[in-house]
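Step one of this worksheet: look at the structure below.
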Amino acid sequence: MFIDSHLHFIPKDIASLSTFYKGIWQDKEKLFSFLEENRIKKALIVYPFTDAYLNLKNGFEEEVEIYNKNIELLIKENEKIVAFGLVDWRKKNLDAHLKDLKMRGFKGICLPSSFEGKFFVKEMFNFFETIQKHNLVIFIHPQTRNPVGFERVKDALLTPVLEYSFDISLFLGLLLTEEILERFKIKFIFAFLAGVVPFLKDRFDRVYTMLRKRGLVKDLGNLPSSILKNVYVDTSGCNLAQIKMAIDLFGEEKILWGSDYPVNLNVEENLKMLEELGEKTKTKIIYENFFQIFNLNENIS
């Protein structure tokens, strides 16, 4: 048994208005076949954030409504589906909206690492307080439109490989420096092992310690590498060397296996490489840690 903690499905009404997310991204039957053929017990559907809202009369607010309506139907149609909904964190009626999403079967909220070229962590305290109140999980996906660096480099290869990675890394860094991870008891899941953060574990601690001695940064109460253990990350098709670095930073209890479907389709090979970590660690990654997040047991339907 295993669980896929990172899959995508883009409703046709959104896909048709987006630049990139067409074809297999909107094919529900191919998604369901993927789940059956690979014997996936549960599948977490998350949103990669498109440019479709630019072509909608009411912008992102309308995109939110379209997505949630369609994914709610997906939840009802296939019992394997676990889904996170969308919300416009800038709205004032967050409490009512989050309560409504929970009643409709959503287990958490998807957030982009940035939006329209800006990071909003400092403006999101009210949002985080409301999320904590409703005990919802937050999934952070790299911003695919105007990520950090887009104003300087626009390249079909470099943007997704580097800029997406840096965008999600900076969002996590801001959660750290704004003390969100210590202040709120929220379960965050970061896609793609949280970008380049695992690679920078020692540098985070070394530079923070040096700057603290000079009084150039505030006291975070602990080393960055210790605080960062408060988040979960998914593998998103990453290789074993990258996963080992993530385990070293976040701990084996905070790693979730994710395919990033439909980007990565070779499930068997991706799972097989985890055997090198040992059966205990592999089991945690492929389903036990997911159960821990949602307080489930092994008898889930």
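First residue of the sequence shown? That's 1432 in the numbering used here, and the numbers climb one at a time after it. Beta carbons: idealized from backbone N, C-alpha and C, even for Gly.
Asked                                                                                                                                                              : Found
Taking 6 Å as the limit between beta carbons, can you name the residues of its chain near residue 1484, skipping five residues before and five after?              : 1490, 1491, 1494
For a quick check, are the C-beta atoms of residue 1558 and residue 1525 less than 8 Å apart?                                                                      : yes
State the Cα-Cα distance for the pair residue 1731 and residue 1452, rounded to the nearest angstrom.                                                              : Here residue 1731 scores only 48 on pLDDT, less than 50, and its place in the model is too uncertain to base an answer on.
How far does the alpha helix (DSSP H) with residue 1482 in it reach, from first residue to last?                                                                   : First-last for residue 1482: undefined, no H or E at that position.
Tell me which residues share the same chain as residue 1447 and place their Cβ nearer than 6 Å to its Cβ, disregarding the 5 neighbours each side in the sequence. : none
Could you tell me if residue 1464 is buried or exposed, where buried requires 16 or more neighbouring beta carbons within 10 angstroms of its beta carbon?         : exposed
Using the rule of at least 16 other Cβ atoms within 10 Å of the residue's Cβ for burial, across every protein chain shown, is residue 1434 buried or exposed?      : buried
Would residue 1506 and residue 1497 qualify as a contact pair, given that the criterion is a beta-carbon distance under 8 Å?                                       : no
Residue range of the alpha helix (DSSP H) that residue 1596 falls in?                                                                                              : 1595-1608
In whole angstroms, what separates the C-alpha of residue 1508 from that of residue 1649?                                                                          : 50 Å
So residue 1515 is in the alpha helix (DSSP H); what residue range does that whole segment cover?                                                                  : Residue 1515 -> not in any alpha helix (DSSP H); beta strand (DSSP E) instead, spanning 1512-1516.
Could you please give the first and the last residue of the uninterrupted alpha helix (DSSP H) stretch that includes residue 1691?                                 : Note, residue 1691: premise wrong, no alpha helix (DSSP H); not H, not E.
Helix, strand or coil for residue 1587? Go by DSSP, reduced to three states.                                                                                       : coil
Cβ atoms of residue 1560 and residue 1536: under 8 Å apart, would you say?                                                                                         : no
Counting Cβ pairs closer than 8 Å, one from the region 1673-1692 and one from the region 1591-1600, do we hit at least three?                                      : no
What residue from 1441, 1520, 1461, 1466 has the CA that sits closest to residue 1482's CA?                                                                        : 1441
Assuming residue 1579 contacts residue 1625 (C-beta within less than 8 Å), just tell me the rounded distance between them.                                         : That pair is no contact at about 14 Å.
Do the CB positions of residue 1533 and residue 1514 come within less than 8 Å of each other?                                                                      : no
With H, G and I counted as helix, E and B as strand and the rest as coil, what does DSSP make of residue 1543?                                                     : strand
Touch check for the region 1627-1639 and the region 1610-1619: three-plus C-beta pairs under 8 Å?                                                                  : no
By Cβ distance, which residues of its chain are closer than 8 Å to residue 1596, with the 5 residues on each side in sequence left out?                            : 1573, 1623, 1626, 1627
Run through DSSP, which three-state label would residue 1477 get?                                                                                                  : coil
Please report how far the alpha carbon of residue 1703 lies from the alpha carbon of residue 1671, in whole angstroms.                                             : 10 Å
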